[in-house]
Amino acid sequence: MVVLTLIKLKPDPSGNVIYKPFSESDDFSADWWEDTIYGFEPSQHFYAFFDGQNEVVRVEIELQDALNAGYEQPGHPGPYAVIHFFEVSEDHRRRGLGTDAVQLIADRYGGTPLVAFSAGADEFWGSLGWERYEHTTEPGHSHPMFVSDPE
Numbered sequence: 001m002v003v004l005t006l007i008k009l010k011p012d013p014s015g016n017v018i019y020k021p022f023s024e025s026d027d028f029s030a031d032w033w034e035d036t037i038y039g040f041e042p043s044q045h046f047y048a049f050f051d052g053q054n055e056v057v058r059v060e061i062e063l064q065d066a067l068n069a070g071y072e073q074p075g076h077p078g079p080y081a082v083i084h085f086f087e088v089s090e091d092h093r094r095r096g097l098g099t100d101a102v103q104l105i106a107d108r109y110g111g112t113p114l115v116a117f118s119a120g121a122d123e124f125w126g127s128l129g130w131e132r133y134e135h136t137t138e139p140g141h142s143h144p145m146f147v148s149d150p151e
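Numbering (the UniProt record's numbering), first residue to last: 1 to 151.
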């Protein structure tokens, strides 16, 4: 049995630029995790999940009061914990670690609905039982939005 440890990371401000708080790794998509943030807000949260010494999952979340108005809207009000980026390391995929990490995130945000815009991971987000919402003006051209049950 794998036990994940969740660690909240803080961005490193260097001059007028803020760098995402993730180390370079061939196991994760570099263009997601090694870029810079301009106008960092306290509503942005970064987490790394470890299985012992191995970093196995990364996530970037932003707390938002409202969702993109171009999508069908869930029947419950915000705030929402919007998952902007979520990745399981290449060597650790298909082992249930993503599902375990999402559960730890849900526990951390206690009752706040989680939201993910799927970029080709529809099967994963759907497997969690999250409700799928389509973009109302560009169906099929925008990534679907998945929303967890706030209970």
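Yeah, the Cβ is synthetic: ideal placement off N, Cα and C, and Gly gets one too.
Residue 120 and residue 150 closer than 8 angstroms at C-beta:
As a first step, residue 120 is located in the sequence shown; it is residue number 120 there, counting from the start. As a first step, residue 150 is located in the sequence shown; it is residue number 150 there, counting from the start. Not in contact: residue 120 and residue 150 (Cβ atoms no closer than 8 angstroms).
Below 8 angstroms, how does it come out for the stretch 130-149 and the stretch 90-101: are there three or more Cβ pairs, yes or no?
Counting Cβ pairs under 8 angstroms, fewer than three are found: no touch.
How far does the alpha helix (DSSP H) with residue 107 in it reach, from first residue to last?
Residue mapping note: residue 107 aligns to position 107 of the sequence shown, counting from 1. First-last of the alpha helix (DSSP H) with residue 107: 97-108.
Do residue 102 and residue 67 count as a contact pair if the criterion is CB distance below 8 angstroms?
Position 67 of the sequence shown, counting from 1, holds the residue named residue 67. Position 102 of the sequence shown, counting from 1, holds the residue named residue 102. In this structure, the beta-carbon distance from residue 67 to residue 102 does not fall below 8 angstroms.
With respect to the beta strand (DSSP E) encompassing residue 134, which residues constitute its N-terminal and C-terminal limits?
In the sequence shown, counting from the first residue as 1, residue 134 sits at position 134. Boundaries for residue 134: no beta strand (DSSP E) harbours it, and the DSSP string shows neither H nor E there.
Note down, in chain order, each residue of its chain lying with its Cβ closer than 7 angstroms to the Cβ of residue 32, except the 5 sequence neighbours on either side.
For the purposes of this step, residue 32 is identified with residue 32 of the sequence shown, where counting begins at 1. Within the same chain, residue 32 has close Cβ partners 85, 87.
Runs of 3 residues minimum, wholly inside the stretch 31-95: which ones carry the beta strand (DSSP E) assignment?
Secondary structure remark: continuous beta strand (DSSP E) runs of at least 3 residues inside the stretch 31-95, in chain order: 44-51, 54-64, 80-88.
Simplified DSSP assignment, three categories, for residue 12:
Against the sequence shown, residue 12 aligns to sequence position 12. It is a strand residue.
Closer than 7 angstroms by C-beta to residue 10: which residues in its own chain qualify, once you throw out the five before and the five after it? Chain order, please.
Numbered from its first residue, the sequence shown carries residue 10 at position 10. These residues qualify, in order along the chain: 21.
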